[in-house]
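Chemist:
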Amino acid sequence: MTLPRIVIERCHYLARCTEEPGAITRPFATDAMRCAHELVSEWMREAGMAVRRDNVGNLRGRFEGSGEATLLLGSHIDSVRNAGKYDGPLGVAVAIAAVQRLHDQGRRLPFAIEVLAFVDEEGLRFGSTYLGSRAVAGTFDLADLDRVDASSVTMREAVRAFGGDPGRIGDDRWKGGRLLGYCEVHIEQGPVLEAHELPVGLVSAIAGQSRHRLTFAGVPAHAGTTPMDHRHDALVAAAGFVLAVEREAVATAGMVATVGQLSAIPGAVNVVPGGAVLSLDVRHPDDSVRAASVQRLLAQANEIAAGRKVRVASELLAENRSLDCSPRLTALLSRSIEGSGHPVWRLASGAGHDAVAMSDLTDVAMLFVRCKGGVSHNPAESVTMDDVAVAIDVLFTFLELLSES
Ligand SMILES: [Zn+2]
0 MTLPRIVIER
10 CHYLARCTEE
20 PGAITRPFAT
30 DAMRCAHELV
40 SEWMREAGMA
50 VRRDNVGNLR
60 GRFEGSGEAT
70 LLLGSHIDSV
80 RNAGKYDGPL
90 GVAVAIAAVQ
100 RLHDQGRRLP
110 FAIEVLAFVD
120 EEGLRFGSTY
130 LGSRAVAGTF
140 DLADLDRVDA
150 SSVTMREAVR
160 AFGGDPGRIG
170 DDRWKGGRLL
180 GYCEVHIEQG
190 PVLEAHELPV
200 GLVSAIAGQS
210 RHRLTFAGVP
220 AHAGTTPMDH
230 RHDALVAAAG
240 FVLAVEREAV
250 ATAGMVATVG
260 QLSAIPGAVN
270 VVPGGAVLSL
280 DVRHPDDSVR
290 AASVQRLLAQ
300 ANEIAAGRKV
310 RVASELLAEN
320 RSLDCSPRLT
330 ALLSRSIEGS
340 GHPVWRLASG
350 AGHDAVAMSD
360 LTDVAMLFVR
370 CKGGVSHNPA
380 ESVTMDDVAV
390 AIDVLFTFLE
400 LLSES
């Protein structure tokens with residue numbers, strides 16, 4: 000069987016490791032993850048790697064080289080609820096395939112390769128993202144161990160039940176000596192590569208992101224007896240803001256902004272909404288552009304609220320700076336894409352990835368693989384065998400170029 004076919008088949012096998020029959024749902028530190036670990040460990044060993052598990056629960060496969068430095072490859076093997084087969088697992092399977100090719104050829108590179116299968120990127124179980132990669136990067140927040148899942152199990156208990164020592168997650172930080180960088184293959188999760196008929200794309204940056212919660216407060220009133228000019232309707236103000244968010248993003252090149260949650264309070268058919276709570280998610284590869292847009296939007300929220308005689312309060316929930324991929328590693332990836340006979344298309348990632356957390360440890364680079372319709376976080380996720388073949392070739396050539404550089 001060819002390596003691209005093996006990679007696709009492995010993503011299908013992993014899909015069977017799920018806690019919901021008929022769907023793919025593979026949260027952190029569960030039996031479904033244990034099932035995934037058994038499979039991935041076996042594949043790593045087949046490719047000549049020594050496999051170990053760290054305390055947080057990442058699988059690490061090491062393929063020794065002739066020198067002391069190490070290149071890290073990898074992605075995540077957890078999933079969202081009702082996920083697709085490729086978001087995460089494809090990057091792990093392609094990395095193992097590239098190592099498999101070295102192993103089959105009996106080759107050693109001047110550096111070791113460590114393939115990391117991160118145990119939690121999506122944050123499905125505890126609502127905290129990049130658990131696996133933050134442990135490796137040494138930025139794991141020990142306060143997260145007190146988080147509880149939907150069944151009131153703490154992360155500390157979950158780590159212990161999964162076989163790790165929660166008190167020693169600090170030991171998961173990379174201690175293997177000099178690093179050459181971290182390179183991650185991932186499905187694009189967007190429509191750009193498909194639109195340009197390209198199998199792979201070079202990630203130039205990962206967009207920074209801000210998340211806010213806005214609360215509009217008006218006055219609840221009777222829907223039948225309160226005249227239109229006497230209302231302090233919080234939801235109408237919120238609706239004006241939703242449109243302002245769209246206008247701001249459309250007017251700003253490279254920006255995406257989303258109101259994904261909006262609730263009316265009290266939410267009754269015959270009550271003028273006295274409250275409205277919404278989420279605001281703003282992303283842009285340039286942090287200063289993002290910050291300026293967020294400021295404008297929050298100012299507009301105040302204006303809109305004043306015009307509607309309601310009040311508004313905003314709260315910053317999360318903020319991640321944007322990340323530039325390593326020029327050195329990206330140049331090598333670019334050469335290997337050219338070598339595969341395809342044009343090099345650079346794009347910024349709007350989604351966060353383990354590479355964001357890994358950038359606190361070492362230089363990072365990412366290769367995107369075209370996915371059908373740009374669909375992800377959905378059972379309809381799909382990639383082609385031909386595109387996977389290109390991804391394996393590009394990653395393999397990248398390893399060769401790195402060994403010459
Ligand atoms: Zn992912």
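Using numbering that gives the first Met the number 0, the letters of the sequence shown map in sequence onto residues 0 to 404.
Beta carbons: idealized from backbone N, C-alpha and C, even for Gly.
1. Count the other CB atoms within 10 Å of the CB of Gly198; is the residue buried (16 or more) or exposed (fewer)?
2. Look at the alpha carbon of Gly64 and the alpha carbon of Pro109, and state the distance between them as a whole number of angstroms.
3. Roughly how many angstroms lie between the CA atoms of Ala18 and Arg33, to the nearest whole one?
4. Helix, strand or coil: which one does DSSP assign to Asn269?
5. Any contact of the segment 70–88 with the segment 137–150, i.e. 3+ C-beta pairs under 8 Å?
6. By the 10 Å Cβ neighbour count, where 16 or more other Cβ atoms means buried, how is Asp323 classified, buried or exposed?
7. Can Asp280 and Thr251 be called in contact, C-beta distance under 8 Å?
8. What residues does ligand 1 have around it, judged by CB closer than 5 Å to any heavy atom, in chain order?
9. Considering only the beta carbon of each residue, do Leu58 and Val39 sit closer than 8 Å?
10. In three-state terms, what does DSSP make of Ile76?
11. Using 8 Å as the threshold, is the C-beta distance between Val271 and Ala236 below it?
12. Can you grab the Cα-Cα spacing for the pair Ile264 / Arg80, in whole Å?
13. Excluding the 5 residues flanking Val255 on each side, which residues of the same chain have their C-beta closer than 7 Å to its C-beta?
14. Among the candidates Val158, Trp42, Arg172 and Ala49, whose CA atom is the shortest distance from the CA of Glu113?
15. Under 8 Å, do Ala111 and Arg159 count as touching if we go by C-beta distance?
16. Do the segment 373–392 and the segment 184–202 meet, that is, are 3 or more Cβ pairs less than 8 Å apart?
17. Report all residues from its chain with a CB closer than 7 Å to the CB of Gln260; omit the five preceding and five following residues, and keep chain order.
Modeler: Looking at the atomic coordinates:
1. In the sequence shown, residue 198 corresponds to position 199, counting from 1. It should be noted that the sequence gives Pro, not Gly, for residue 198. With 16 or more Cβ atoms within 10 Å of its Cβ, Pro198 is classed as buried.
2. For this step, residue 64 is matched to residue 65 along the sequence shown. For this step, residue 109 is matched to residue 110 along the sequence shown. If I take the Cα positions, the gap works out to 5 Å.
3. Along the sequence shown, read from residue 1 onward, the residue named residue 18 stands at position 19. Along the sequence shown, read from residue 1 onward, the residue named residue 33 stands at position 34. Note on residue identity: the sequence assigns Glu, not Ala, to residue 18. In this structure, the alpha-carbon of Glu18 lies about 11 Å from that of Arg33.
4. For the purposes of this step, residue 269 is taken as the residue at position 270 of the sequence shown. Note: Asn269 maps to coil in three-state DSSP.
5. no
6. As a working note, residue 323 is residue 324 in the sequence shown. Result: exposed.
7. The residue you call residue 280 lines up with position 281 of the sequence shown. The residue you call residue 251 lines up with position 252 of the sequence shown. No, these two residues do not count as a Cβ contact at 8 Å.
8. Residues flagged by the Cβ proximity filter: Asp86 and Gly87.
9. Here residue 58 is taken as the residue at index 59 of the sequence shown, counted from 1. Here residue 39 is taken as the residue at index 40 of the sequence shown, counted from 1. Going by C-beta atoms, Leu58 is nearer than 8 Å to Val39.
10. Counting from 1 along the sequence shown, the entry for residue 76 is found at position 77. DSSP places Ile76 in coil when its eight states are reduced to three.
11. Indexing the sequence shown from 1 puts residue 271 at position 272. Indexing the sequence shown from 1 puts residue 236 at position 237. No; because the gap between Cβ atoms is not below 8 Å, this pair is not in contact.
12. Taking the sequence shown and counting its residues from 1, the one referred to as residue 264 is at position 265. Taking the sequence shown and counting its residues from 1, the one referred to as residue 80 is at position 81. Cα to Cα, Ile264 sits roughly 28 Å from Arg80.
13. For the purposes of this step, residue 255 is taken as the residue at position 256 of the sequence shown. Excluding sequence neighbours, Val255 sits near Ala248, Arg282 and Gly349.
14. Here residue 113 refers to the residue found at position 114 when the sequence shown is read from its first residue. Measuring from the Cα of Glu113, the nearest candidate turns out to be Ala49.
15. The residue labelled residue 111 in the question sits at position 112 within the sequence shown. The residue labelled residue 159 in the question sits at position 160 within the sequence shown. Not closer than 8 Å, so no.
16. yes
17. As a first step, residue 260 must be located in the sequence shown, where it is residue number 261. The residues are Leu277 and Ser278.
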